[in-house]
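Remarks on the structure that follows.
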Amino acid sequence: MFNQRSAFLEKAWEIVKKEPTVWDAIEVKDKAFYYKTDQGNIFLSSFKSRDLPSSPYSLTPLGKLLTKLSTLANIMSRRPGTEEVTFYVLNNSPQSGVLGKKADQKMLKVAAPPLVWRRQQIREKIVEKVKGYTEKNESFFFLDIGSGAGFDSLEIERLIHRVNELSESSFDNDYQSLNIDIDEKWLNNNKIVAEKLFGMSHHIVRENISIFDFWEGSQKLSLDRYDNLIISCNGFAEFLSDTELSELYEEIFKFSQDFDGNVDVILPFANKNKEQENLGKKIGFQFKAKAKQEIIKMIEEIFTNYKVTYDEKYSHIVMNIQKHID
């Protein structure tokens, strides 16, 4: 019976991993993002200038010109570190600016590869963990800190639903995703898409709260019934001070220490790059990239007795932090 279940699962995963992901359903139309479904498109967000907030940066004259010429530069200046930036680079289709698409093409050529690689790394690590849990039929809890639209939780749902559909419900254990974000709009988008795709048979919950406020009440969150914990914390390293970032990682460590099962933490960040810093100064973008050795040292000192590894490309780093009891 076990061998038959394993064979069903293996075949199911071979199929599911080749299928389009939830990110592949993102569509750009009339300077807005939509989620494409068989029942019609779901509006997510507009990136027309009139619909975007003012830039938090003091742009230089060059920066002001660039944001007029390039749609991506305009989005990055007004909504830094948000889903709008991620979705735009994943779509990788330059939009017309004042002088056509050339400036946007150049911006995408520079900005898209590192952000796409980083996004793919996070997704692949989560997928491999979920695959392992289904093979062992183990329960798991996924905590997405700064989730935005929570597409990782949607992808987990897609994977579980499709694998069970193809393998006669071989995975029947408990699981849940918790999305934490201060952006109510994107959390609501997550809710709308989840219900459109899966009805009420999904395992996603959301909290519209800052992560530091969340920690204060996190002791009320009972994870005793889960075998595994995944924590993803994407984007904070570029916007927090070293002190704030250290506090955040210490809270993640404490939270994971209270969990009795296996723990996997995914922490991406941008490494310091002089060329990028000089460009940022020229245009007025304030990008707080971290020195690689400093942040690795910080993480290793905080996550004592955990296994710490990382993948690196395009001056971006994705840290993998593990506490396994088996």
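Taking full-length UniProt numbering, I'd label the letters of the sequence shown as residues 1 to 326.
Ideal Cβ positions, reconstructed from N, Cα and C, are used throughout, including at glycine.
Asked                                                                                                                                                                             : Found
Consult DSSP for serine 182 and reduce its assignment to one of helix, strand or coil.                                                                                            : The displayed chain sequence assigns isoleucine, not serine, to residue 182. Residue state, collapsed to three classes: coil.
Please specify which runs of the beta strand (DSSP E), each continuous and at least 3 residues long, are wholly inside the segment 102-176, giving them in chain order.           : 140-145
So what does DSSP say about threonine 71, is it helix, strand or coil?                                                                                                            : helix
Are three or more beta carbon pairs between the segment 144-152 and the segment 71-90 nearer than 8 angstroms?                                                                    : yes
Per DSSP, which residues does lysine 307 bridge with? Please list them.                                                                                                           : Gln322
From what residue to what residue does the beta strand (DSSP E) around residue 327 run?                                                                                           : As displayed, the chain neither begins before 1 nor continues past 326, which places residue 327 out of reach and without an answer.
Suppose the cutoff is 8 angstroms on Cβ atoms and the five residues either side in sequence are ignored; what does the same chain contact list for serine 55 look like?           : Thr67, Ser77, Arg78
Cutting at 8 angstroms between CB atoms, please list the residues of its own chain near lysine 129, excluding the five before and the five after it.                              : Phe140, Asn228, Ile230, Asp264
Evaluate asparagine 188 with the Cβ neighbour count: other Cβ atoms within 10 Å of its Cβ, from every protein chain shown; 16 or more gives buried, anything less gives exposed.  : exposed
Count the other CB atoms within 10 Å of the CB of threonine 243; is the residue buried (16 or more) or exposed (fewer)?                                                           : exposed
Would you kindly report the start and end of the unbroken beta strand (DSSP E) that includes glycine 40?                                                                          : 40-46
DSSP on arginine 206, reduced to helix/strand/coil?                                                                                                                               : strand
For a minimum of 4 consecutive residues, which ranges assigned as the alpha helix (DSSP H) are wholly contained in the segment 232-260?                                           : 242-257
Taking its Cβ as the centre, do 16 or more other Cβ atoms sit within 10 Å of aspartate 213, making it buried, or is it exposed?                                                   : exposed
Is it the case that the Cβ atoms of valine 89 and leucine 108 are separated by a distance below 8 angstroms?                                                                      : yes
Straight-line CA distance for serine 218 to isoleucine 266?                                                                                                                       : 19 angstroms
By Cβ distance below 7 angstroms, which residues in the same chain neighbour asparagine 234 in space, the five residues on each side in sequence not counted?                     : Ile122, Gly146, Pro268
Ordered along the chain, which non-local residues of its own chain (more than five positions away) have a Cβ less than 7 angstroms from that of phenylalanine 253?                : Ile302, Phe303
Taking just the CA atoms, how far does leucine 178 sit from aspartate 51?                                                                                                         : 28 angstroms
Taking the alpha carbon of lysine 196 as the point to measure from, which residue in Leu9, Ala289, Thr37 has its own alpha carbon closest?                                        : Thr37
Where do the N-terminal and C-terminal ends of the alpha helix (DSSP H) with glutamate 301 fall, by residue?                                                                      : 292-302
From what residue to what residue does the alpha helix (DSSP H) around valine 85 run?                                                                                             : 83-91
Whole angstroms is fine: what's the gap from alanine 237's alpha carbon to alanine 289's?                                                                                         : 7 angstroms
Determine the direct distance from the alpha carbon of phenylalanine 8 to that of serine 246, and round the result to whole angstroms.                                            : 44 angstroms
With a threshold of 8 angstroms on Cβ separation, who are the neighbours of proline 53 within its own chain once the five nearest residues in sequence on each side are excluded? : Arg78, Arg79
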